[in-house]
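Novice: FYI, in the numbering used here the residues of the sequence shown are 70 to 282.
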Amino acid sequence: MLSRRRILAGITTGVIGLGGCAATQQEFSFVANPAHFDETLLSETGYTLRNREEIVQTRRVTAGGQEREVTTTNYLTTYRRIATVQQTEYELVAAIFSSPSVSIIGQEFNPLGEMDLPEVLRQSQSQFGDAVDGNTKLGERVDTQSIQVLGTETTLGIFSGTTSIAGREAELRLPLTKLKDSGDFIILRGGYLMRIADTELSRILSLFKGTEH
């Protein structure tokens, strides 16, 4: 019988939630446009919609010497693919997160604006630490590529990771990129076992390049 393990390649809903329009003193609501992967590419790569979530957050920030309450609406969409490796089924999950720019008096308050890829990876992992029935340990960046997403040339970082599967350590690969489009920050992340990296990376790249927003 095939057993099933889950690999979560997540985008945080906690730290990158301050999220596209500018605000005056009276405007404190910021709403992202949802992003998704192209339906044709989903079919070609074997991924299907897993979950779509609207994330509304309210925080206080200090701008212009005044404390202001800011409400942001972000969107997290996840997709999954079932891969069979050595008689075990793994649920691979790719995710896309959109978060609006928060501009108040010319100052950006969405922390995504200042984060580099390693930091985005670490922050997102705080919400998705369990990868395959165990805790994922993040490693170093092992590769960097340039890809085009939504008409923008952006950097794709591929990071290493390890997790526990049935008591054994397994090596992971975690591709991740960040860009800005139409006033929103877009985060794309995937995750898969190192042993299927040759085939799975091409699927992930196809999805990322087919992002619609």
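By construction, the Cβ of each residue, glycine as well, lies at the ideal position given by its N, Cα and C atoms. Fair warning: this is a prediction, and the values are worked out from it, not measured in the lab.
(1) Determine which residues share a DSSP beta bridge with Arg-150 and list them.
(2) Could you tell me the distance, in whole angstroms, from the CA atom of Leu-111 to the CA atom of Ala-164?
(3) According to DSSP, which residues form a beta bridge with Ile-313?
(4) For Lys-247, which of Ile-265, Ala-235, Asp-267 and Leu-190 has the nearest alpha-carbon?
(5) Can you tell which of Leu-219, Tyr-261 and Met-263 has its C-alpha closest to the C-alpha of Asp-250?
(6) For Leu-62, which of helix, strand or coil comes out of DSSP?
(7) Looking at the unbroken beta strand (DSSP E) that takes in Phe-228, where does it start and where does it end?
(8) Would you be able to state if there are at least three C-beta pairs under 8 angstroms between the segment 114 to 128 and the segment 140 to 158?
(9) For Thr-93, which residues in the same chain have their Cβ closer than 6 angstroms to its Cβ, ignoring the five residues on either side in sequence?
(10) Pull up the distance between the alpha-carbon of Gly-182 and that of Gln-156, whole angstroms please.
(11) Using the Cβ count rule (16 or more neighbours within 10 Å means buried), how would you classify Gly-175?
(12) Let me confirm a value: Gly-194 is counted as buried when at least 16 other C-beta atoms fall within 10 Å, else exposed. Which label applies?
(13) Alpha carbon to alpha carbon, how far is Ser-271 from Gly-226? Give it in angstroms, no decimals.
(14) Go through its chain and collect everything with a Cβ distance to Glu-108's Cβ below 8 angstroms, but skip five positions before and after it.
(15) In three-state DSSP terms, what is Asp-185?
(16) Could you tell me which of Glu-138, Val-162 and Arg-137 sits nearest to Asn-120, measuring between CA atoms?
Specialist: Well, looking at it:
(1) Leu-161
(2) 12 angstroms
(3) The structure shown has nothing for residue 313, since the chain only spans 70 to 282.
(4) Leu-190
(5) Leu-219
(6) Nothing about residue 62 can be read from this structure; the chain reaches only from 70 to 282.
(7) 221 to 234
(8) yes
(9) Here the model assigns Thr-93 a pLDDT of 49, short of 50, so the residue's position is not dependable and the matter cannot be decided.
(10) 43 angstroms
(11) exposed
(12) A small fix is needed here, since residue 194 is Gln in this sequence, not Gly. Under this definition Gln-194 is a buried residue.
(13) 14 angstroms
(14) none
(15) coil
(16) Val-162
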